[in-house]
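Line by line, the protein sequences give chains A and B. Under my numbering, the first residue of the first sequence is numbered 4, with each subsequent residue one higher. Under my numbering, the first residue of the second sequence is numbered 52, with each subsequent residue one higher. Ideal placement from N, C-alpha and C gives every residue a C-beta, glycine not left out. Source: prediction; values computed, not measured. Take a look at the structure set out below.
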Amino acid sequence: MSKKTREITYAQAICEALDEEMQRDENVVLLGEDVGFLGGNFKTSVGLLDKYGEWRVKDTPISESGFVGMGIGMALTGMRPVIELMFSDFLLVAADQIFNQAAKIIYMSGGQVKVPLVIRTPIGAGRSSAAQHSQSMQAMAAHFPGIKVVVPSTAVEAKGLLKTAIRDDNPVLFFEHKMMYNSKFEVPDEVEPIPFGKANVVREGKDITIVATSSMVVKSLQAAEKLAKDGIDAEVIDLRTIVPLDRETIIESVKKTGKLLITDEAYERCGIGSEIAADVMEDVFYYLDMPILRLCNPNVSLPFSPALEFPIIPSADKVYEKVKEVFR
Amino acid sequence: MAEVVIMPKLGFNMDVGKLVKWYKSEGDEIKKGEPLFAVETDKTNIDIEATCDGVVKKLLIQEGDSVAVTTPIAIIGEENEDVEELIQKELSVAAGSSDEKPNVQVQEKEEEKTEIAKRSSSTQLQGTDRIKITPRARRIAEENDLDITQLSIVGTGFQGGICARDILNFLEESKVKATPLARKLSELEKIDLNTVQGSGVKGKIMKQDVENIINERMKQEKPETTEETTKEIAISEDGKEILEVVPYSGVRKIIGDRLSQSKFTAPHLYFTRSVDLSNLLAFRKQVNASQEKKTSVTDYIVLAAVKALQKYPDINSALIGDSIYKYKSVNVGVAVAADSGLIVPVIKNAEKMSLIEISKEASRLIEKAREGKLLPAEYTGGTFSISNLGMFGIENFTAIINPPESAILAVSATEKRAVVVTNENGEDEIVIRPMMNITLSVDHRLIDGLLAAQFVAEVKAQLENPIGLVL
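Quick look at the structure:
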């Protein structure tokens, strides 16, 4: 494997993963609004229409329920469709297809048929996209059995995890963070698929464990550097996938640090933080030196005005403050 | 630099000092050598002088208060010095000392002081006796055999609770306190400071303590090389040939001091009865044949004493300060001869135990005692003691009460004796019976002869009709 790296954006990394998988397997097709002619709303499929033609890269009408349903049908017949939903908020438009159909077919058919379908969709606030285009739907998606939920943090992670998602035989919801698309990262020339259910300890520390998803990983690392200056040595874990969940890595870390903060951009109520806190509690109770903390989106719809929007979004400063509060 | 004044220890057995008078008020100037306060001891009141010049910044206790020795009681500093932080720190130490020794915390202000201090502690959960402590801290405390409820650890964690760091700091601080000189000396001589009993303030190890150990060690190590010299000096001034001279110190001295304290303060009174063990020995044989745990005669004597103590709870009492404590718990100490000296492990709450449970607990404790592994909690807190020298063939002896208990039962050997009994036909006849003498020593300050006699009779009755012990 080449050790050479180059600087590309998160969006380019996704585009490369799609390209490499389409080249590897002719059953991989791309469907979605503006994925072809425009190269994707967030430029994640630039050049693919020219390279693979309109049979494999298909612009669809504005009908999420329709083209997600079409994708499920393709998957059932042996293809490997990757569907782009322009905003994760629109999952709700196609909710019946995703949660009642795709997620359940393998169970209801007694395992006779499978749905190797990937739905890529952006999450996150910060672009004044207002209440219906800024939500983070990973917590809601993780509630349903039968769906794998992926929350890549950086370009390398996005590329490696998307490859795994496309090769997976079950429906995968792949949540890209819209504020990360233009962020640049050093990426190796070759990126191998990253297995699901194996969290990544991106910073080792002994004083507190910060479990983060998606863009919160980079923000938590920034907070950790600031905390280090105050003598607090934080361990940061990139969860990578919410379903399946790597409980062991979290438990092992909390046993060491005695403290756990979970940060995720979905709503706090019934959110990722709540779920992980309850899930690991039995294993870490006698190691906890502090109640488990959450830093998520407050339980309020996202406003249009940046002046109101930014105070709500979990940030590096908020992670820092939250940790400092309990170390006072 | 402010100086903390502590309650001085004015005698070996002084655990608590009662402050009878402050000669200075807060804000008064004081010169080195001027009397600062008066302390009541068992004999007289003693004036204590200031050891430095300055201003009395704070009096931490009031006239009439009794506190454990070495508890901080006042702070002397310079006129403009800010000692607020120091006061808070020492107050917490003072509160801690009263928590540690509830038994000796005395009378007057007891209710309002200890209770309020406990409730208002930041680590107490409001309205309950539960301590605010994180699961992690509790686990670490348990791993280190710390009893949180007995320690006054101030929490610095979430919402003022005790967190892991507080326990670790406590362990670090309580490691061993020693002067730098003592530490250096012990390093040079390779002495484990954990084994040294400190004689300084709050048990701090002083140079002298380490030197004592070195001296003892030298005496033990050099019997051969110093043979000639010892031969020369092994004659006492009045012409006696000396085998060995060892210091009266350590465990020997503690045993000695406690026993003389007991014998000199508690007027002992003795009551002896002989007990016919025929039934008990037969019964024991059946018990040992019917289950795995082999019971000893001592186990039955413990159980008989427990039954008798429950019938006569006045025996199960202690004189502490100006109060007689009568206990519901029956915690029976069983004297054991260990290599290091006499030690009395305590079977706690024996009133709730069956014969086999008592037997198992006694075996466990005695074994630990012989190995020198008893924890302090396992040899303190007794309410009554038993000393059995039967296995050594002793026919009769009296025991010294283990203070602050009020009675002890001395058990002698079982031997076959010719005794006169009345047979079924109402005729007297001489028969051979296994007989055992038991002698009760009581503290006559608390227990009168009639009660003692009734108690001994009850023990005798229980042992002669052992079936009652297990019903």
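Cα separation between residue i and residue j?
i, j, result
"B:K339", "B:I57", "Here residue 339 of chain B turns out to be Asn, not Lys, going by the sequence shown. Roughly 57 Å between the two C-alpha positions."
"B:F322", "B:V134", "59 Å"
"B:S171", "B:D66", "Caution is warranted here: a pLDDT of 42 is assigned to B:S171, below 50, making its placement in the model unreliable, and no coordinate value can be reported."
"B:L70", "B:V120", "11 Å"
"A:V153", "A:D292", "30 Å"
"A:V287", "A:Q138", "31 Å"
"B:S215", "A:K258", "What sits at residue 215 of chain B in the sequence shown is Ala, not Ser. Using only the alpha carbons, I get a separation of about 12 Å."
"A:P317", "A:T266", "8 Å"
"A:V175", "A:K151", "5 Å"
"A:F307", "B:I218", "49 Å"
"B:K228", "B:Q248", "10 Å"
"A:R123", "B:Q201", "59 Å"
"B:V383", "B:V353", "7 Å"
"A:A144", "A:A133", "21 Å"
"B:R190", "A:Y289", "6 Å"
"A:V190", "A:Y13", "10 Å"
"B:G206", "B:A188", "10 Å"
"A:G50", "A:G56", "10 Å"
"A:F374", "A:G72", "There is simply no residue 374 of chain A to check, as chain A begins at 4 and stops at 331 in what is shown."
"A:G149", "A:I17", "24 Å"
"B:D350", "B:D373", "34 Å"
"B:E129", "B:V252", "23 Å"
Looking at chain B, is there any beta carbon in it that lies within less than 8 Å of the beta carbon of residue i?
i, result
"A:F147", "no"
"A:G234", "no"
"A:G261", "yes"
Is any beta-carbon of chain A found at less than 8 Å from that of residue i?
i, result
"B:R181", "no"
"B:P396", "no"
"B:K209", "Per the sequence shown, residue 209 of chain B should be read as Phe rather than Lys. Chain A, which has a Cβ nearer than 8 Å to the Cβ of B:F209, makes this yes."
"B:K359", "The sequence as given places Ala at residue 359 of chain B; Lys does not occur at that position. No - not a single Cβ of chain A is within 8 Å of the one on B:A359."
"B:A192", "no"
"B:A458", "no"
"B:T185", "yes"
"B:E278", "At B:E278, the pLDDT of 46 sits below 50, so the modelled position is not reliable; the number obtained from the coordinates is stated separately. Taking Cβ atoms only, chain A never reaches closer than 8 Å to B:E278, which makes this a no."
"B:A355", "no"
"B:A188", "yes"
Quick check: does the Cβ of residue i come within less than 7 Å of any heavy atom belonging to the ligand SAH?
i, result
"A:L79", "No copy of the ligand SAH appears in this structure; indeed no ligand is present at all."
Quick one: measure Cβ to Cβ for residue i and residue j, integer angstroms, because I've assumed they're closer than 8 Å.
i, j, result
"A:E271", "A:N300", "6 Å"
"B:N447", "B:T490", "7 Å"
"B:K511", "B:R324", "5 Å"
"A:L52", "A:G39", "4 Å"
"B:L514", "B:V326", "5 Å"
"B:L310", "B:I451", "5 Å"
"A:M82", "A:N44", "No, A:M82 and A:N44 are not in contact; Cβ-Cβ is about 23 Å, not under 8 Å."
"A:L248", "A:V214", "10 Å between Cβ atoms; not a contact."
"A:T167", "A:V221", "That pair is no contact at about 21 Å."
"B:L406", "B:T346", "7 Å"
For this session: Output, in sequence order along the chain, the residues in the region 277-295 of chain A whose CB is closer than 7 Å to any CB in chain B.
Result: Going along the region 277-295 of chain A in chain order, one finds F288, Y289, Y290, L291, D292, M293 and P294 with a Cβ nearer than 7 Å to chain B.
Exercise. Going along the chain, which residues of the region 316-330 of chain A sit with their C-beta nearer than 8 Å to a C-beta in chain B?
Worked result: V329
Problem set entry | Start-end ranges of the alpha helix (DSSP H) lying completely within the region 311-370 of chain B, minimum 4 residues | Positions of the alpha helix (DSSP H) runs, each at least 4 residues long and wholly inside the region 311-370 of chain B, are given as 329-341 and 348-362 in order along the chain.
Exercise. Which whole runs of the beta strand (DSSP E) in the region 216-263 of chain A are 3 residues long or more, in chain order?
Worked result: As summarised for the region 216-263 of chain A, the continuous beta strand (DSSP E) elements at least 3 residues long and confined to that stretch are 237-241 and 244-246, given in chain order.
For this session: Identify every run of the alpha helix (DSSP H) within the region 197-281 of chain B, keeping only runs that are complete inside it and at least 4 residues long; order them along the chain.
Result: Runs found: 215-224, 231-239 and 258-272.
Exercise. Which residue spans inside the region 105-140 of chain B form an unbroken beta strand (DSSP E) run of at least 3?
Worked result: As far as the region 105-140 of chain B is concerned, its whole beta strand (DSSP E) runs of at least 3 residues are 105-110, 117-119 and 123-128.
For this session: Entirely within the region 470-511 of chain B and at least 4 residues each: give me those alpha helix (DSSP H) ranges in chain order.
Result: none
Exercise. Listed in chain order, which residues of the region 213-224 of chain B have Cβ atoms closer than 9 Å to some Cβ of chain A?
Worked result: C214, A215 and R216
Problem set entry | Entirely enclosed beta strand (DSSP E) segments - the region 56-100 of chain B, minimum 3 residues | 67-73, 86-91 and 96-100
Exercise. At what residue ranges does the region 287-311 of chain A contain a whole run of the beta strand (DSSP E), taking only runs of 3 or more?
Worked result: 296-300
Problem set entry | Ordered list of beta strand (DSSP E) runs contained in the region 394-429 of chain B, each at least 3 residues | The region 394-429 of chain B contains no whole beta strand (DSSP E) run of 3 or more residues.
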